[in-house]
Each structure stands twice: as structure tokens, then as C-alpha cells.
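A.B. asks:
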Amino acid sequence: MEHQLKISCQTTALAELRVFLKKTLGELHLSDIDQLQITLAVEEVCANLIIHSHQCNPLDYIQLKIKQNPGKLIFEITDKGKAFNMLDYEVPALDKVKIEKRKGGLGIILVKKIMDEIEFESSKGTNTCRLIKWFQS
Amino acid sequence: MLTIETQHENGHDILLLRGEVDASNSVILDEAITKAVADGSSSILVDGAGLEYISSAGLGVFMSYLEDFQEKEIDLKIYSLSDRVFEVFKILGLDQLMRIYPDKKTALLS
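As they're listed, the protein sequences go chains A and B. Under UniProt numbering, the final residue of the first sequence carries the number 137; numbering is consecutive throughout. Under UniProt numbering, the final residue of the second sequence carries the number 110; numbering is consecutive throughout.
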């Protein structure tokens, strides 16, 4: 199985992304909570790219591919913006976020807690972030 | 799509959230809380019964007020979250930092 979606780099496209994920993940008989968490993790990565790598430029786009392999789901997110490797990003402690009254920084914590594997590569101006979720098959 | 209805009830400001909070509309939640504070509220209750989804953008809004509210002794309580939305708060450990209750009655009594 492989599904793909191309979205414009504007935050209003996140709703479109959720509709696509709901439909695609709905075919996989996942629990309601698993569906929501996966949706959240994929959205967080896309929202980060839209806001920080593309400055919400609607002319830029992000491509999402979903692949189902035995025992795992792979979400491949590609873009051509400024590369951001979340694996290099040290997630802030929650207490620190609270004290500093920051609104950001929580998304990557969520992605790292929800997904089982995260891969990142950047080659010839194309960045690929792979989020992998394991399932008992 | 997110809508927020504000109600005043016995000294409490109740924000009724309906829909989804994400990076495109979390500013609406931020503005609703800021307005309640500017209007002198010392007790803000967030009714999450109609909240279908919240991303880190929305969670970050709540987080950004916690420190100030603690200093200014403003109560911020959330109640009636669905299990799936509450789970998102739990993943981040926000259930330990924020006052979250199963229903309005429990929130008012605590």
C-alpha cells in the first residue's frame, strides 16, 4: 500500500492533511488513539516545515508518502526548504518550557514520543524525514 | 475549524471549545484567554467537550500561561476532554502540570 499527498506550505493546509490521514489510516483498523497520535506526529513535522523552513509560503509544497510494510507504517515527508534535522534538536524539559512561557518546542517532543523511529536525510536540496511506527503483525 | 464561546457564570469565565486547534488557529485560543485575563478574570474554565483535536500549537498556548497564572493566582482548569484528546495531554505530561478534570462539577468543586 502506498498513499501520497502534496500540500501547500500554509497552516490552513493542515486540516487537509488531517482529512487525508483520517481516510488513509481509517482503512488500517488502527485504534482511535493510535490514529490520533500518528496524525498528530505527522502534522507536527509538517507544521514545523511550513512555519520554520518555508515561512508559510503558499507557493512551496510538502509531499507526504505513506507506505505500509509488514509490522510497520512509514511516513515519508519531503520538502525543498531549509533542512531541519529534528534528530539534532535537543528537546526542552517541560518545566523549562513552562518557566520560559514558550508556546513552541512541544511538537518535536510529541513526535519523538509517538514514533518508534525517526530518520532524516538531505540530498541535493531535498530533505526527507521518515517517521516509522511499528505494529504487531 | 475552531470556535470558542465565552460564558460568565458565578465569577468564572468559561471557554467552550468546539472543533480542532492547530497551528492555523491557535491564536484564537490565545486571544480568548488573553481577553478573559484583561477583563479581570481570576478563574478560567475551559470546557473541552467539543474539542476534537489539539496539536502542540494549542497545548503551547495553555503552557505559556501557566507560570503567569501561578504568580497572579488565576485558576485555569480544563474539563470534559475526550479520552483521545486527554491522551495527547498525557503524552507530554501536561496532565501533571495542568488542572484537568473529568467534568464541570468536579472542576468547580476542586
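Backbone N, C-alpha and C define an ideal beta-carbon position, used for all residues, glycine too. Note that this is a predicted model, so its numbers are computed, not measured.
(1) Kindly identify the DSSP beta-bridge partner or partners of B/Ser-24.
(2) In the stretch 55-91 of chain B, which residue ranges form an unbroken beta strand (DSSP E) of at least 3 residues, counting only runs that do not cross its ends?
(3) Quick one: list the residues of chain B neighbouring A/Ile-33, beta-carbon separation under 7 Å, in chain order.
(4) Between which two residues does the alpha helix (DSSP H) containing A/Glu-2 stretch?
(5) Any C-beta of chain B within less than 8 Å: which residues of the stretch 79-92 of chain A qualify?
(6) To which residues does DSSP link A/Ser-123 through a beta bridge?
(7) The beta strand (DSSP E) with A/Asp-79 in it runs from where to where?
(8) Measuring straight from C-alpha to C-alpha, what distance separates A/Ser-31 and B/Arg-84?
(9) List, in order along the chain, the chain B residues whose C-beta lies closer than 7 Å to that of A/Leu-14?
(10) Examine chain B for any beta-carbon lying closer than 9 Å to the beta-carbon of A/Gln-37, and answer yes or no.
(11) DSSP three-state call for A/Val-111: helix, strand or coil?
(12) So with CB distances below 8 Å, who are the chain B contacts of A/Gly-26?
(13) Could you pull the DSSP bridge partners for A/Tyr-89 from this structure?
(14) Please compile the residues from chain A whose C-beta is within a distance smaller than 8 Å of the C-beta of residue 111 of chain B.
(15) Measure the CB-CB distance between B/Ala-38 and B/Ile-4 and report whether it falls below 9 Å.
C.D. replies: Straight from the coordinates:
(1) In DSSP, B/Ser-24 forms no bridge with anything.
(2) 75-79
(3) Arg-84, Glu-87
(4) Not the alpha helix (DSSP H): A/Glu-2 falls in the beta strand (DSSP E), residues 2-8.
(5) none
(6) A/Thr-126
(7) 72-79
(8) 10 Å
(9) Asp-22, Ala-23, Ser-24
(10) yes
(11) helix
(12) Result: empty, since nearest Cβ-Cβ is about 14 Å, beyond 8 Å.
(13) Paired residue(s): none; A/Tyr-89 is not in a bridge.
(14) Residue 111 of chain B lies beyond the stretch modelled for chain B, which goes from 1 to 110, so this question has no answer here.
(15) no
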